[in-house]
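J.:
Protein chains in written order, with the working numbering: chain A, 4 to 318; chain B, 44 to 95; chain C, 3 to 358.
Printed below as a string of structure tokens:
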């Protein structure tokens with residue numbers, strides 16, 4: 004994805020100068036390694052601050068919800084599918100958006116890389132498919148393919164499905180990707196093993212809601228966990244309440260989640276909570292042939308039915 | 044739910060119309076029997092919040 | 003001040019003796035990072051750690067803490083009466099806490115232990131605890147403790163300060179609690195105080211030399227609140243914020259909590275959870291009005307609280323010890339160093355917005 008930054012700056016400056024849009028939403032360089040900060044630009048001169056690299060894993064669709072301006076937004080494949088869902092769900096209008104599509108070659112896993120290195124990471128440089136991680140007195144090189152975010156490794160929609168212009172030529176989609184290996188592994192466990200697996204997964208959750216807030220789908224004015232009259236879920240770090248938050252949030256994302264990975268990227272504790280949403284994604288795909296956000300013309304799975312919908316789970 | 048470690052038979056789905064009283068009785072009997080066979084729910088139980 | 007040299011061979015034996023007199027807590031590896039945990043018999047604190055992901059504030063002030071319990075069973079004599087929850091304030095010792103985190107407790111104490119209001123849970127837990135600090139010889143790039151009122155060898159909030167000298171720890175006894183702990187551990191190898199103090203200062207200077215992050219705070223006190231509040235940079239600062247609770251939960255000086263009751267059958271508890279000013283419902287009034295229902299208002303509030311209101315109220319510097327956790331863990335990389343810079347240098351009379 005080299006060269007993307009220059010193109011993005013050029014496009015943003017042009018759109019703002021021609022007043023095609025009022026603001027451009029993208030990223031600016033972060034202050035710590037492997038991080039970029041979501042950023043908006045209104046002045047064409049500030050377009051020079053926009054950057055693009057493999058640390059743009061936060062889903063910018065999150066920043067479109069209920070906005071009224073004319074906005075240009077950078078969108079990878081997964082982000083663009085969330086934009087489709089946002090439009091279908093009336094959180095933003097198509098006419099407001101000038102989607103700058105970014106054919107994506109995958110984001111790197113900041114948690115994964117920190118875990119594999121001993122010592123504070125001071126610099127991460129990417130070039131030619133290699134990621135060089137260095138700190139005081141050490142340097143390690145990884146193949147980008149080895150340190151991709153988990154969701155990027157399994158991605159089959161790297162190119163934007165909706166856009167007004169592209170930053171680069173579409174990239175080849177990954178072939179022969181088995182998306183549900185981990186889900187099948189869990190399905191093969193017995194009840195107690197599964198219970199323990201999820202217990203361990205969520206043991207360090209601090210209920211910060213970074214996962215929920217980074218997710219573009221979670222836009223309820225008051226989330227179910229924040230309700231108190233009635234209180235559906237406890238607000239403490241009680242393990243049952245924590246588990247309830249995660250699986251119930253996954254249910255609310257059923258048929259809508261595009262596996263963008265923003266939730267896992269945002270989590271300060273490095274929890275892989277995509278395990279919840281991916282099971283529901285698998286079910287939607289295998290039962291209904293449904294993939295979220297692929298087209299503006301399709302109604303979501305919980306919205307429609309077909310006469311031949313599978314009913315094996317209904318007695 | 045089953046994926047998460049709740050026994051598959053603890054949660055069952057059924058379509059019953061208000062005109063299908065016989066079916067309703069059958070479903071209630073069947074579900075009650077299968078839950079009783081599973082025994083008390085041990086995993087997914089919240090009593091008082093586990094706090095410090 | 004007395005100094006003691008602790009041979010690392012005597013360290014283990016000392017800890018074992020301490021375990022008889024104190025409940026021990028220390029940094030323990032959890033996955034790929036560290037957290038402060040209660041040490042089981044024979045478990046050792048990992049003194050080679052850098053710092054924990056979450057701050058140790060949970061040792062004194064748990065994230066979810068029972069305050070009262072009650073019975074709703076009307077056959078009970080004390081039904082519907084709040085009973086104080088049974089607590090255990092047996093002596094505790096936290097081994098290996100970093101000076102910034104120990105200092106943070108003092109900042110919180112300013113609010114939790116006043117002549118008017120005293121948080122009995124916090125104060126009792128704090129007073130029952132002896133803090134054995136581990137000075138930082140290799141601060142991180144995100145540590146800005148020296149300009150935040152603390153430092154890698156800062157002594158405030160500690161009862162004993164350990165400096166790692168390879169085969170030994172040079173230990174400075176700072177308080178009577180520290181002295182009692184040293185005695186209980188049997189670490190009695192006293193050493194010349196003057197020589198030890200100069201050695202400590204040497205090590206301190208070397209560590210402080212390695213701090214690369216600094217925040218300018220000199221002009222914060224003189225900033226007028228209203229113009230700073232209305233400054234144009236808040237929109238840009240707040241844009242990326244997703245209003246999660248990460249910064250507040252990992253911060254050692256954030257102190258807000260929410261109290262609620264939970265009932266199960268005929269029993270119930272009244273407990274508190276950490277709360278976050280980042281959440282929309284934080285300022286939701288009973289009337290339904292919410293003075294900070296916009297994200298920008300909440301983000302502004304947090305930085306104003308930490309870097310301005312606290313400065314004005316207590317005259318003791320910012321409500322931050324420079325541990326850097328919020329910088330490293332914020333999902334969208336909002337950087338308090340940047341914001342402090344913007345606030346400190348803000349000039350209400352200038353036309354241009356300060357450069358980002």
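We put the CB at the ideal spot given by N, CA and C, even for glycine.
According to the neighbour-count rule (16 or more other Cβ atoms, all chains shown, within 10 Å of its Cβ), is residue 23 of chain A buried or exposed?
T.: Mapped onto the first chain, residue 23 of chain A falls at position 20. With fewer than 16 other Cβ atoms within 10 Å, it is exposed.
J.: What are the boundary residues of the beta strand (DSSP E) that residue 192 of chain A is part of?
T.: Locating residue 192 of chain A in the first chain gives position 189, counting from the first residue. Note, residue 192 of chain A: premise wrong, no beta strand (DSSP E); not H, not E.
J.: Counting only runs that start and end within the stretch 104 to 128 of chain A, where is the beta strand (DSSP E) found for 3 or more residues in a row?
T.: Within the stretch 104 to 128 of chain A, no complete beta strand (DSSP E) run reaches 3 residues.
J.: Considering only their Cβ atoms, is the gap separating residue 75 of chain A from residue 344 of chain A smaller than 9 angstroms?
T.: In the structure as shown, chain A starts at 4 and stops at 318, and residue 344 of chain A therefore has no counterpart that could be examined.
J.: Note down, in chain order, each residue of its chain lying with its Cβ closer than 7 angstroms to the Cβ of residue 85 of chain C, except the 5 sequence neighbours on either side.
T.: Here residue 85 of chain C is taken as the residue at index 83 of the third chain, counted from 1. The residues are 70, 71 and 72.
J.: Touch check for the stretch 112 to 124 of chain A and the stretch 147 to 154 of chain A: three-plus C-beta pairs under 8 angstroms?
T.: Yes, the stretch 112 to 124 of chain A is in contact with the stretch 147 to 154 of chain A.
J.: Could you tell me the boundaries of the beta strand (DSSP E) in which residue 360 of chain C lies?
T.: As displayed, chain C neither begins before 3 nor continues past 358, which places residue 360 of chain C out of reach and without an answer.
J.: Is it the case that the stretch 299 to 310 of chain C contacts the stretch 105 to 125 of chain C, given that we only count it when at least three CB pairs across the two stretches are under 8 angstroms?
T.: Because the criterion of three Cβ pairs below 8 angstroms is not met, the stretch 105 to 125 of chain C and the stretch 299 to 310 of chain C do not touch.
J.: Closest to residue 272 of chain C by CA distance: which of C/155, C/262 and C/113 is it?
T.: The residue given as residue 272 of chain C occupies position 270 in the third chain. Looking at the Cα atoms, C/262 is the closest of the given residues.
J.: Kindly say whether residue 50 of chain B, judged by its beta-carbon, lies nearer than 9 angstroms to any beta-carbon of chain A.
T.: As a working note, residue 50 of chain B is residue 7 in the second chain. Taking Cβ atoms only, chain A reaches closer than 9 angstroms to residue 50 of chain B, which makes this a yes.
J.: Alpha carbon to alpha carbon, how far is residue 183 of chain C from residue 6 of chain C?
T.: Numbered from its first residue, the third chain carries residue 183 of chain C at position 181. Numbered from its first residue, the third chain carries residue 6 of chain C at position 4. For residue 183 of chain C and residue 6 of chain C, the distance between alpha carbons rounds to 12 angstroms.
J.: Would you identify the three-state DSSP class for residue 99 of chain A, choosing helix, strand or coil?
T.: Residue mapping note: residue 99 of chain A aligns to position 96 of the first chain, counting from 1. In the structure shown, residue 99 of chain A sits in a helix (DSSP, three-state: H, G or I).
J.: Determine, using beta carbons only, whether residue 24 of chain C comes closer than 9 angstroms to chain B.
T.: Your numbering for residue 24 of chain C matches position 22 in the third chain. No - not a single Cβ of chain B is within 9 angstroms of the one on residue 24 of chain C.
J.: Between the Cα of residue 239 of chain C and those of C/17, C/220, C/30 and C/297, spot the shortest distance and give me the residue it belongs to.
T.: On the third chain, position 237 is the one that residue 239 of chain C refers to. Checked all of C/17, C/220, C/30 and C/297; the closest Cα to residue 239 of chain C is C/297.
J.: Going by DSSP in three states, residue 320 of chain A sits in which element: helix, strand or coil?
T.: Since the first residue of chain A shown is 4 and the last is 318, residue 320 of chain A is not available in this structure.
J.: Closest to residue 167 of chain C by C-alpha separation, out of C/205, C/249, C/142 and C/151, would be which residue?
T.: As a first step, residue 167 of chain C is located in the third chain; it is residue number 165 there, counting from the start. The residue with the shortest Cα to Cα distance from residue 167 of chain C is C/205.
J.: Is there contact between the stretch 52 to 59 of chain C and the stretch 221 to 232 of chain C, where contact requires at least three CB pairs shorter than 8 angstroms?
T.: Contact between the stretch 52 to 59 of chain C and the stretch 221 to 232 of chain C is absent, because fewer than three Cβ pairs lie under 8 angstroms.
J.: Could you list the residues in the stretch 182 to 193 of chain A with a C-beta less than 8 angstroms from some C-beta on chain B, going in chain order?
T.: Answer in chain order: 186, 189 and 190.
J.: Let's test the definition: count the other Cβ atoms within 10 Å of the Cβ of residue 294 of chain A and tell me whether it reaches 16, buried, or not, exposed.
T.: Taking the first residue of the first chain as position 1, residue 294 of chain A is located at position 291. Residue 294 of chain A is buried by the Cβ-count criterion.
J.: The beta strand (DSSP E) with residue 172 of chain C in it runs from where to where?
T.: Indexing the third chain from 1 puts residue 172 of chain C at position 170. That run of the beta strand (DSSP E) goes 170 to 175.
J.: Would you grab the beta carbon distance between residue 10 of chain A and residue 134 of chain A for me? Rounded to a whole angstrom, and I think it's under 8 angstroms.
T.: One-based indexing of the first chain puts residue 10 of chain A at position 7. One-based indexing of the first chain puts residue 134 of chain A at position 131. With 8 angstroms as the limit, residue 10 of chain A and residue 134 of chain A do not qualify as a contact, their Cβ atoms being about 22 angstroms apart.
J.: Would you identify the three-state DSSP class for residue 262 of chain C, choosing helix, strand or coil?
T.: In the third chain, counting from the first residue as 1, residue 262 of chain C sits at position 260. Strand at residue 262 of chain C.
J.: Measuring CA to CA, which of C/237, C/74 and C/346 is closest to residue 221 of chain C?
T.: Mapped onto the third chain, residue 221 of chain C falls at position 219. Ranking the options by Cα distance to residue 221 of chain C, first place goes to C/346.
J.: How far does the alpha helix (DSSP H) with residue 200 of chain C in it reach, from first residue to last?
T.: Locating residue 200 of chain C in the third chain gives position 198, counting from the first residue. Counting along the chain, the alpha helix (DSSP H) containing residue 200 of chain C begins and ends at 195 to 211.
J.: So who's on the other strand from residue 8 of chain C, going by DSSP bridges?
T.: Taking the first residue of the third chain as 1, we reach residue 8 of chain C at position 6. Answer is C/171, bridged to residue 8 of chain C.
J.: Taking the CB atoms as reference points, tell me whether residue 269 of chain A and residue 334 of chain C lie closer together than 9 angstroms.
T.: One-based indexing of the first chain puts residue 269 of chain A at position 266. One-based indexing of the third chain puts residue 334 of chain C at position 332. Taking 9 angstroms as the Cβ cut-off, residue 269 of chain A and residue 334 of chain C qualify as a contacting pair.
J.: Could you tell me the distance, in whole angstroms, from the CA atom of residue 299 of chain A to the CA atom of residue 244 of chain C?
T.: Taking the first residue of the first chain as 1, we reach residue 299 of chain A at position 296. Taking the first residue of the third chain as 1, we reach residue 244 of chain C at position 242. The alpha-carbon atoms of residue 299 of chain A and residue 244 of chain C are separated by roughly 27 angstroms.
J.: Between residue 240 of chain A and residue 65 of chain C, which are expected to be in contact by the criterion C-beta below 8 angstroms, what is the C-beta distance as a whole number of angstroms?
T.: Taking the first chain and counting its residues from 1, one reaches residue 240 of chain A at position 237. Taking the third chain and counting its residues from 1, one reaches residue 65 of chain C at position 63. With a Cβ gap of about 5 angstroms, residue 240 of chain A and residue 65 of chain C count as contacting.
J.: For residue 135 of chain C, tell me which candidate among C/106, C/146, C/111 and C/120 has the shortest Cα-Cα distance.
T.: Your numbering for residue 135 of chain C matches position 133 in the third chain. Checking every option, the nearest Cα to that of residue 135 of chain C belongs to C/106.
J.: Inspect the CB distances between the stretch 145 to 165 of chain C and the stretch 101 to 116 of chain C and report whether three or more fall short of 8 angstroms.
T.: Yes, the stretch 145 to 165 of chain C touches the stretch 101 to 116 of chain C.
J.: Using three-state DSSP, classify residue 316 of chain A as helix, strand or coil.
T.: Looking up residue 316 of chain A in the first chain gives position 313. Residue 316 of chain A falls in the coil class under three-state DSSP.
J.: Per DSSP, which one or two residues make a beta bridge with residue 78 of chain A?
T.: On the first chain, position 75 is the one that residue 78 of chain A refers to. Paired residue(s): A/104.
J.: At what residues does the alpha helix (DSSP H) containing residue 154 of chain A begin and finish?
T.: Taking the first chain and counting its residues from 1, the one referred to as residue 154 of chain A is at position 151. It spans 153 to 156 - the alpha helix (DSSP H) in which residue 154 of chain A sits, taken as one unbroken run.
J.: Provide the residue(s) that pair with residue 270 of chain C in DSSP beta bridges, ordered along the chain.
T.: For this step, residue 270 of chain C is matched to residue 268 along the third chain. Paired residue(s): C/72 and C/265.
J.: Could you pull the start and end residues of the beta strand (DSSP E) that residue 146 of chain A belongs to?
T.: Position 143 of the first chain, counted from the start, is the residue given in the question as residue 146 of chain A. Where residue 146 of chain A is concerned, the enclosing beta strand (DSSP E) stretches over 141 to 146.
J.: Here's the rule I'm using: 16 or more other beta-carbon atoms within 10 Å means buried, otherwise exposed. How should residue 172 of chain A be labelled?
T.: In the first chain, residue 172 of chain A corresponds to position 169, counting from 1. Burial call: exposed.
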